[in-house]
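Notes to accompany the following structure.
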Amino acid sequence: YLVPADLTLGQFVYVIRKRIKLSAEKAIFIFVDNVLPPTGTIMSAIYDEKKDEDGFLYVTYSGENTFGNN
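Heads up: the sequence shown begins at 53 in my numbering, then just goes up one per residue.
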């Protein structure tokens, strides 16, 4: 996704949750370079520190059901 530079990681998580239609009962975790950055970090700071040689920032997301299996 192309996102504004001043978007926080927490706001980015919200965007991802909406795009993949993730219910409120499910948690989502965003990893950058196998690290879970603080949600208040702005995306441009993460990009500047962790971007790949090709200029892209690669993120991995993982989720889990926080309220058991239904």
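Where is the CB? At the ideal position from N, CA and C, for every residue including glycine.
DSSP, read as helix, strand or coil, puts E105 in coil. By the criterion of a C-beta distance shorter than 6 Å, V87 is surrounded by no residue of its chain, once the five residues flanking it on both sides are discounted. Boundaries cannot be given for V87, as no alpha helix (DSSP H) includes it and DSSP labels it neither H nor E. Boundaries cannot be given for Y53, as no alpha helix (DSSP H) includes it and DSSP labels it neither H nor E. When rounded, the separation of the alpha-carbon atoms in S96 and A57 is 5 Å.
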